[in-house]
Amino acid sequence: MHKPHWQGVFPAITTQLKKDQSLDLEATARHAEALLASGVSGLIFLGSLGENQALLPEEKRRLMEAMVKSVNGRAPVLSGVAESSTAEACRYVRDLEALGTDGFMLMPPMLYKGDPRETVAHFRATARATGLPIMIYNNPISYANDITPEMFAELSDVKNFVALKESSGNTRRITDLRNTVVDRYAIFTGVDDLVLESSILGIDGWVAGVGIGFPVENQYFWELTRDKDWDKATELYRWFTPLLHLDTHTKFVQYIKLAVQECGLGTEWVRAPRLPLTGVERKQVLKVIHDGIDQRPAIPARVGSRKSTGRPRAVESSSSDRHLGHTRRLPYDIYEIG
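In our numbering, the protein residues as written are 27 to 364.
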């Protein structure tokens with residue numbers, strides 16, 4: 027297997043849905059187009075933010091087939107793997123490899139909290155079922171299963187494990203991982219409001235969440251960290267942080283989808299058992315989003331790294347917030363799309 031050089035921003039994109047909760051493949055593709063235009067290095071579909079576990083098996087395959095065709099080789103297309111059993115995970119990666127997916131973000135088995143021996147066995151078996159590269163996702167807060175630096179060291183003999191997504195919320199892990207596995211894996215952070223701290227400690231990439239609503243600012247911030255321009259990065263981070271906090275809440279899917287909607291890049295519809303936000307909670311989240319939009323800093327004009335098939339189309343709001351004048355668009359007048 028040729029080892030890919032995964033680095034940079036790999037946003038976790040939402041699965042866009044219609045009001046009746048059916049898949050909206052066209053809207054998902056339009057959102058991916060906006061992210062590609064901003065210069066992201068890859069796209070991750072069907073992660074936690076993509077509502078993986080709320081979709082039917084056939085829906086996952088239909089979505090990924092459509093996205094592979096839409097992206098058409100312009101960036102790596104990864105699919106989350108969040109199956110409940112090892113057999114299901116193996117079947118899924120085989121099917122997705124046949125559909126042309128470029129790689130996977132592999133989560134521990136859902137529902138069952140395995141011990142380290144069982145988790146490692148699950149990962150090894152899934153990797154054997156595909157020749158494609160894999161990013162291992164560690165999120166003990168959400169999945170009650172901590173993949174420690176020692177476990178990553180144990181898995182280092184598996185050639186198609188090429189990257190890891192660290193979402194423990196403990197920035198000490200970055201240094202512990204470097205000390206344990208050195209540069210065996212590309213290290214991505216998956217916690218939005220720790221990205222500056224993680225960048226200082228030395229990461230290779232960012233699985234961005236909230237930034238899918240603010241792709242221009244998100245990409246510019248990442249590039250500042252690559253240039254080690256910490257003064258400018260810190261200034262932008264202070265604006266961004268209240269928004270990035272939306273990624274660390276139990277309802278992060280609803281929060282981020284609402285942000286995507288208010289930025290004109292999608293709708294907030296979610297798949298049950300999740301429900302759209304209402305009442306005081308909705309007002310509080312909208313205030314954070316609208317404050318971020320209203321205080322959005324100017325970003326230097328630059329040429330996008332990829333050709334876009336067109337300017338992203340704003341999507342009609344699914345809520346009554348329109349009368350407040352809060353349906354917004356990204357400032358593409360200050361960002362040249364090549």
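The beta carbon of each residue, even a glycine, is placed where N, CA and C say it ideally should be.
Practice prompt. For the stretch 253 to 314, list the alpha helix (DSSP H) runs that are entirely contained and at least 4 residues long, ordered along the chain.
Written response: 256 to 270 and 278 to 288
Practice prompt. Quick one: measure Cβ to Cβ for Phe240 and Leu203, integer angstroms, because I've assumed they're closer than 8 Å.
Written response: Not quite, the Cβ-Cβ distance comes to about 28 Å (not below 8 Å), so this is no contact.
Discussion item. Between which residues of its own chain and Pro268 is the CB-CB distance below 8 Å, once the five residues before and five after are set aside?
Written reply: Val314, Asp317 and Gly318
Worksheet item: What do you reckon, are the CB atoms on Arg322 and Glu243 nearer than 9 Å?
Response: yes
Item to complete: Could you name the residues of the same chain whose beta carbon sits closer than 6 Å to that of Val341, not counting the 5 residues immediately before and after it, in chain order?
Response: With a pLDDT of only 38 at Val341, under the threshold of 50, the placement of this residue in the model should not be trusted; the figure read from the coordinates follows. For Val341, where only same-chain residues beyond five positions count, the Cβ hits under 6 Å are Gly292 and Thr293.
Item to complete: Verify whether the separation of the beta carbon atoms of Glu85 and Thr40 is less than 9 Å.
Response: no
Worksheet item: Hey, how far is the Cα of Leu81 from the Cα of Cys116?
Response: 18 Å
Item to complete: Consult DSSP for Lys333 and reduce its assignment to one of helix, strand or coil.
Response: The predicted model places Lys333 with a pLDDT of 43, which falls under 50 and marks its position as unreliable; any figure quoted below should be read in that light. It is coil, neither helix nor strand.
Worksheet entry | For Ile160 and Phe187, the rounded distance between their alpha carbons | 5 Å
Practice prompt. Let me know the alpha helix (DSSP H) ranges lying completely inside the stretch 111 to 138, each 4 residues or longer, listed in chain order.
Written response: 112 to 124
Discussion item. Counting C-beta neighbours from all protein chains within 10 Å, is the total for Asp219 16 or more, i.e. buried, or is it exposed?
Written reply: buried
Discussion item. Considering just the uninterrupted stretch of the beta strand (DSSP E) at Val107, what are its terminal residues?
Written reply: Val103 to Val107
Discussion item. Less than 8 Å between C-beta atoms, sequence neighbours within five positions excluded: which residues of the same chain meet that for Ala151?
Written reply: Thr112, Ala115 and Cys116
Worksheet item: Which partner residues does Trp32 have in the DSSP bridge list?
Response: Partner(s): none; Trp32 has no beta bridge.
Discussion item. Within 8 Å, do at least three Cβ pairs link the stretch 295 to 307 to the stretch 31 to 46?
Written reply: yes
Item to complete: Would you tell me roughly how many angstroms separate the C-alpha atoms of Thr156 and Asp257, rounded to the nearest one?
Response: 43 Å
Discussion item. Tell me which residues share the same chain as Arg300 and place their Cβ nearer than 8 Å to its Cβ, disregarding the 5 neighbours each side in the sequence.
Written reply: Glu77, Ala80, Lys277, Val279 and Gln280
Discussion item. Taking 7 Å as the limit between beta carbons, can you name the residues of its chain near Glu307, skipping five residues before and five after?
Written reply: none
Worksheet entry | Glu77: first and last residue of the uninterrupted alpha helix (DSSP H) it sits in | No alpha helix (DSSP H) contains Glu77, which DSSP labels as neither H nor E.
Discussion item. At 3 residues or longer, what runs of the beta strand (DSSP E) sit wholly inside the stretch 39 to 80?
Written reply: 69 to 71
Worksheet item: Can you tell me whether DSSP reads Asn186 as helix, strand or coil?
Response: coil
Worksheet item: Which value, in whole angstroms, describes the spacing of the CA atoms of Leu69 and Arg143?
Response: 30 Å
Item to complete: Report back the beta-carbon spacing between Ser110 and Leu122 to the nearest angstrom; my notes put them in contact at under 8 Å.
Response: Contact doesn't hold; Cβ gap of about 17 Å is too wide.
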